[in-house]
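Residue numbers (the numbering used here): 6 to 634.
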Amino acid sequence: MSDYEVLNKINSPADVKKLNAAERKELAAEMRAAILNRVSKIGGHLGPNLGTVELAIALHTVFDSPKDKIILDVSHQSYPHKLLTGRRQGFQSDEHFRDISGYTNPQESEHDVFIVGHTSTSVSLAAGLAKARDMQGQKFNVVAVIGDGSMTGGMAYEALNNAGDLQKKLIVVLNDNEMSIAKNVGAMSDYLYQLRTAKTYTRIKKDLEGWLKHKNYGENIINIVRRVKGSVKYLLVPGSVFEHLGFKYYGPVDGHNLEHLVEVFETAKQTPGPVIIHVITKKGKGYEPAEKSPNKFHGTGPFEIKTGKKITNPDAPVSYTEVFGKTLVQLAKDDKKIVAITAAMPDGTGLNYFADAYPDRFFDVGIAEQHAVTSAAGMAAAGLHPVVAVYSTFLQRAYDSVLHDIAMQNLPVVLGLDRAGLVGDDGYTHHGVFDFSYLRLIPQITIMAPKDENELRHMLATAVKFNGPVALRYPRGSGLGVDISEPLHTLPIGKAEELKQGSDVCIWAVGSMVDEAMKAAAALEEDGVSAGVVNMRFVKPLDSELLVKTAQHYKNIVTMEEGSLKGGAGSAVLEVLNENGMLQSVKVLNLGIPDKYIPHGAKPLLMRDIGLDHESVVKRIKEFINNGD
Numbered sequence: 006m007s008d009y010e011v012l013n014k015i016n017s018p019a020d021v022k023k024l025n026a027a028e029r030k031e032l033a034a035e036m037r038a039a040i041l042n043r044v045s046k047i048g049g050h051l052g053p054n055l056g057t058v059e060l061a062i063a064l065h066t067v068f069d070s071p072k073d074k075i076i077l078d079v080s081h082q083s084y085p086h087k088l089l090t091g092r093r094q095g096f097q098s099d100e101h102f103r104d105i106s107g108y109t110n111p112q113e114s115e116h117d118v119f120i121v122g123h124t125s126t127s128v129s130l131a132a133g134l135a136k137a138r139d140m141q142g143q144k145f146n147v148v149a150v151i152g153d154g155s156m157t158g159g160m161a162y163e164a165l166n167n168a169g170d171l172q173k174k175l176i177v178v179l180n181d182n183e184m185s186i187a188k189n190v191g192a193m194s195d196y197l198y199q200l201r202t203a204k205t206y207t208r209i210k211k212d213l214e215g216w217l218k219h220k221n222y223g224e225n226i227i228n229i230v231r232r233v234k235g236s237v238k239y240l241l242v243p244g245s246v247f248e249h250l251g252f253k254y255y256g257p258v259d260g261h262n263l264e265h266l267v268e269v270f271e272t273a274k275q276t277p278g279p280v281i282i283h284v285i286t287k288k289g290k291g292y293e294p295a296e297k298s299p300n301k302f303h304g305t306g307p308f309e310i311k312t313g314k315k316i317t318n319p320d321a322p323v324s325y326t327e328v329f330g331k332t333l334v335q336l337a338k339d340d341k342k343i344v345a346i347t348a349a350m351p352d353g354t355g356l357n358y359f360a361d362a363y364p365d366r367f368f369d370v371g372i373a374e375q376h377a378v379t380s381a382a383g384m385a386a387a388g389l390h391p392v393v394a395v396y397s398t399f400l401q402r403a404y405d406s407v408l409h410d411i412a413m414q415n416l417p418v419v420l421g422l423d424r425a426g427l428v429g430d431d432g433y434t435h436h437g438v439f440d441f442s443y444l445r446l447i448p449q450i451t452i453m454a455p456k457d458e459n460e461l462r463h464m465l466a467t468a469v470k471f472n473g474p475v476a477l478r479y480p481r482g483s484g485l486g487v488d489i490s491e492p493l494h495t496l497p498i499g500k501a502e503e504l505k506q507g508s509d510v511c512i513w514a515v516g517s518m519v520d521e522a523m524k525a526a527a528a529l530e531e532d533g534v535s536a537g538v539v540n541m542r543f544v545k546p547l548d549s550e551l552l553v554k555t556a557q558h559y560k561n562i563v564t565m566e567e568g569s570l571k572g573g574a575g576s577a578v579l580e581v582l583n584e585n586g587m588l589q590s591v592k593v594l595n596l597g598i599p600d601k602y603i604p605h606g607a608k609p610l611l612m613r614d615i616g617l618d619h620e621s622v623v624k625r626i627k628e629f630i631n632n633g634d
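This is the structure:
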């Protein structure tokens, strides 16, 4: 902590405002060091945060948080903001490593306006704040920070259109680093590139500065010209889409020129109506490995700072994500109708393997989950068999598309739901615990979850050969280390797998909880409790036939799922038992995610806190059998 001479003085944004230009520059260097140190030890989002250090300092120099409202889109770039708002110890000392989350959260600090973990929302949130402010006669600034990747999301355009029309005082900072998680794609990306590289502007700027230097007018005059380059650019690049939306446009601005950023923000603060400031930053700024490999260091586990090499367990089994991606490549070799779609996450979903093998059958639509799903429906209607790979939490954004465009049409689209269940340190916004519940109520959809990485292979083979919508969900991280070399085969739709027989209690488990159920059954046996285990495989359609037989044989049934208890797999079991009039003769205990939002933290600790770790499960089942609770 002694190495951070300036940072150690920053306990609130008020302290930032006291700094001179030299101190602000030193602060930026120290913040980068603190972020790099923290992320290298425990993982997190490195590249986005290194790229927005100067931006955060400038924002808190000019604006008065928490009175002024600063909304960070996605919050991937929230670490610098948190360093400046009373949370620096979380980046400096080991005992405070887990004090802060990777995303903004009002429960954590008054300087965090919203919980934000999904993209393209900041302008909408800011517009709402601005409307409420003006209706109530209040006086404060509203600043929305949004990345160029997030600008591919439809909500961003909806918000810009509305805000520009209303002409409310609102500042939008467009952080343009040419990246989301992967390289940006689409027309907006091309448009921003044109703004960055307009030849007329670049040539005139170069010629003017050269002429001024040649004429010996001095750096003062040159600096004045540089200050107005945003206005020059605006004049020389006609047809700005932002102008047509009703925004005053400033930029492009060097996002690492701190003093220039301060000047531009001060100007924007005095400008009436909606303003958009186009800021150019470099993802991973200040750390060469992250600058060279922004994909790799967007979100990362622990790594060696000197080399950039990730600290991994060489003996760890292959990840579910990799198994999914490579199996899809294998299936696509024999089935030319298989196409793959991602929403800006080819690496994160394992579709990078498919993109390399079949580039003409791979589609990255940018951060636009709703579009990804509906475009898949269009492909399916035309005779293809699309596979959309997306994180479970992000599919929530395309719910209507799943219901209306895929399931209602009964189209053969496969939804690969990565990161299902608890995801650890990403916390509230990224836990994929609601998919069983929100998908199960949709007619004509099949929902499955594998017990291990080998069953994932066979489920994917089943899904791509099924003539209807399928959701296949699987967890984050490594598999169980089982053999994955056996030939692919399909599974009977809606049929569970009885893994172990018993007499006292039967555990119906799904997905990641099947292995835990087998371990719990073994522990119960040691205590004299005879436990059976069923791998549900399918949450919809549920294996009603086997469930009824189970209820006839056992007096106690336990369900286990790494998903929400409200409306989830356990609820499906209760519904079937009730429909068959069996709840009077059999007791049921549902184990899963309780009806609350789960915070960030190491997954084993989270599982313990909600009673889903091994010891808690065994204890709860024993109490259930003995007491009927």
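We put the beta carbon where it would ideally sit given N, CA and C, even for glycine.
No experiment lies behind these values; they were computed from the predicted model shown.
Measure the alpha-carbon distance for residue i versus residue j and round it to whole angstroms.
i           : j           : result
residue 255 : residue 303 : 27 Å
residue 273 : residue 30  : 22 Å
residue 617 : residue 130 : 35 Å
residue 554 : residue 486 : 32 Å
residue 638 : residue 80  : This structure gives no information on residue 638, because the portion of the chain shown stretches from 6 to 634.
residue 41  : residue 63  : 20 Å
residue 545 : residue 515 : 12 Å
residue 46  : residue 339 : 44 Å
residue 404 : residue 25  : 49 Å
residue 234 : residue 357 : Because the pLDDT at residue 234 is just 45, under 50, the model does not fix this residue reliably, and the value given afterwards should be weighed accordingly. Answer to the nearest angstrom: the Cα atoms are 40 Å apart.
residue 311 : residue 21  : 30 Å
residue 61  : residue 370 : 29 Å
residue 264 : residue 158 : 31 Å
residue 621 : residue 349 : 39 Å
residue 296 : residue 393 : 29 Å
residue 402 : residue 408 : 12 Å
residue 376 : residue 418 : 14 Å
residue 181 : residue 246 : 15 Å
Between which two residues does the alpha helix (DSSP H) carrying residue i extend?
i           : result
residue 31  : 26-47
residue 421 : Where residue 421 is concerned, there is no enclosing alpha helix (DSSP H), although the beta strand (DSSP E) it sits in stretches over 419-423.
residue 350 : Unbroken run through residue 350: none, as it is neither H nor E.
residue 580 : 574-584
residue 630 : 619-632
residue 332 : 325-339
By the three-class DSSP mapping on this structure, what secondary structure does residue i have?
i           : result
residue 140 : helix
residue 239 : The pLDDT assigned to residue 239 is 43, lower than 50, so where the model puts this residue is not dependable; a value taken from the coordinates is nonetheless given after this. Helix, per DSSP.
residue 300 : coil
residue 119 : coil
residue 478 : strand
residue 486 : coil
residue 255 : strand
residue 559 : coil
residue 369 : strand
residue 58  : helix
residue 428 : coil
residue 109 : strand
residue 308 : strand
residue 587 : coil
Going by DSSP, what residues sit across from residue i in a beta bridge?
i           : result
residue 565 : 514 and 596
residue 279 : 175
residue 391 : 344
residue 403 : Paired residues: none, contrary to the question.
residue 114 : Residue 114 is not bridged to any residue.
residue 180 : 152 and 284
residue 416 : For residue 416, which the question treats as bridged, DSSP gives no partner whatsoever.
residue 437 : 425 and 426
Where do the ends of the beta strand (DSSP E) carrying residue i lie?
i           : result
residue 505 : 502-505
residue 537 : 536-540
residue 545 : 543-545
residue 384 : Element bounds for residue 384: not the beta strand (DSSP E) but the alpha helix (DSSP H), 374-386.
residue 74  : 74-77
residue 157 : Segment: none, residue 157 is in no beta strand (DSSP E) and carries neither H nor E.
residue 451 : 451-453
Exercise for the section: May I ask you to verify whether the stretch 481-488 touches the stretch 319-328, counting CB pairs closer than 8 Å and requiring at least 3? Expected result: yes
Exercise for the section: Determine contact between the stretch 370-389 and the stretch 162-182, defined as no fewer than three beta-carbon pairs at a distance below 8 Å. Expected result: no
Handout entry: the stretch 9-21 contacting the stretch 278-289, beta-carbon criterion three pairs below 8 Å
Key = no
Problem - contact_flag[the stretch 449-458, the stretch 533-545] where n(CB pairs < 8 Å) is 3 or more - result: yes
Exercise for the section: Check whether the stretch 121-137 touches the stretch 148-168, taking contact to mean three or more Cβ pairs, one atom from each stretch, closer than 8 Å. Expected result: yes
Handout entry: the stretch 528-536 touching the stretch 621-630, judged by at least three CB pairs closer than 8 Å
Key = yes
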